[in-house]
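A.B. asks: Sharing a structure, written as structure tokens. Questions coming.
In this note's numbering, the protein residues as written are 146 to 379.
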């Protein structure tokens, strides 16, 4: 079993030629396209599998979404020009490479941006037995701790909602509860708020990160990370 310790040689090679982290933010319009295509892919697979999907676990649903998102590359010219591939469970390193086998649920790889630095999407089911607490504890926290998307200014959380939960009724109260504690587990700087006029259950929050970069970059600490929360209903 590999030892858990920072690996400077890994990070130096990975960030070679990059003077400052985090990287320049992904264009706002490109994030809008991602959410729109995610919704399109969701509607396609739910139209074929709604009854079965209610019984599926998260990896099964995410696998269907990966397949559909990659199919859309050849069907939607805008998506095809923006995205080269979508990968489920791709192994990546943590912020200091002390962990080499982190597996975010979906990695969106853009044309013109290194495949080493994809847009990360973490997926969670929301239902009676899998609550927003799990969504935050085993999802959101991974971005704050530098396990996922440590190189980026943004990432996404995707919820497959099997009950009547919404961002306003579930996630926002959960984050407020932790803000009121002596130490905020999720270091929330901005509570989830609407970012565009849309019928989608979509909001953006921001969270402070406290880890430090290693390797050749001149950066010491990352900026806040902006998380787009897209909740899709079953």
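Quick reminder that beta carbons are idealized off the backbone N, C-alpha and C, glycines included.
I need the straight-line Cα distance from residue 259 to residue 274, nearest angstrom please.
C.D. replies: 38 Å
A.B. asks: Per DSSP, residue 237 is paired with what?
C.D. replies: 247
A.B. asks: Rounding to the nearest angstrom, what Cα-Cα distance links residue 146 and residue 249 in this structure?
C.D. replies: Low local confidence applies: a pLDDT of 44 at residue 146 is under 50, so the model's placement there is unreliable, with the coordinate-based value given in what follows. Distance between the alpha carbons of residue 146 and residue 249: 21 Å.
A.B. asks: Using CA atoms only, rank isn't needed, just tell me which of 208, 334 and 241 is closest to residue 370.
C.D. replies: 334
A.B. asks: Starting from residue 286, trace the beta strand (DSSP E) in both directions and tell me its first and last residue.
C.D. replies: Element bounds for residue 286: not the beta strand (DSSP E) but the alpha helix (DSSP H), 286-289.
A.B. asks: At the level of alpha carbons, what is the spacing between residue 205 and residue 199?
C.D. replies: 11 Å
A.B. asks: Which same chain residues end up closer than 6 Å to residue 149 when comparing Cβ atoms and leaving out the 5 residues on each side of it in sequence?
C.D. replies: 243
A.B. asks: Can you grab the Cα-Cα spacing for the pair residue 305 / residue 184, in whole Å?
C.D. replies: 11 Å
A.B. asks: If you check the beta carbons only, do residue 251 and residue 233 fall under 7 Å apart?
C.D. replies: Yes.
A.B. asks: When you compare only the Cα positions, how much space is there between residue 344 and residue 325?
C.D. replies: 31 Å
A.B. asks: Report the option in 256, 155, 165 and 196 whose CA atom is closest to the CA atom of residue 297.
C.D. replies: 165
A.B. asks: Pop quiz: residue 160 and residue 291 are said to be a contact at Cβ under 8 Å. What is the actual Cβ separation, rounded to whole angstroms?
C.D. replies: About 14 Å separates the two Cβ atoms, so there is no contact after all.
A.B. asks: Going by the beta-carbon positions, is the gap between residue 375 and residue 347 smaller than 7 Å?
C.D. replies: yes
A.B. asks: Within a Cβ cutoff of 8 Å, which residues of the same chain sit near residue 278, ignoring the five residues on either side of it in sequence?
C.D. replies: 319
A.B. asks: Check whether the Cβ atoms of residue 211 and residue 182 sit closer than 7 Å, and answer yes or no.
C.D. replies: Cβ distance not < 7 Å, so residue 211 and residue 182 don't count as in contact.
A.B. asks: Can you name, in chain order, every residue of its own chain whose Cβ lies under 7 Å from the Cβ of residue 339, other than the five neighbours on each side?
C.D. replies: The answer, listed in chain order, is 348.
A.B. asks: Which of the three DSSP states is assigned to residue 161 in this structure?
C.D. replies: Judged by DSSP in its simplified three-state form, residue 161 adopts coil rather than helix or strand.
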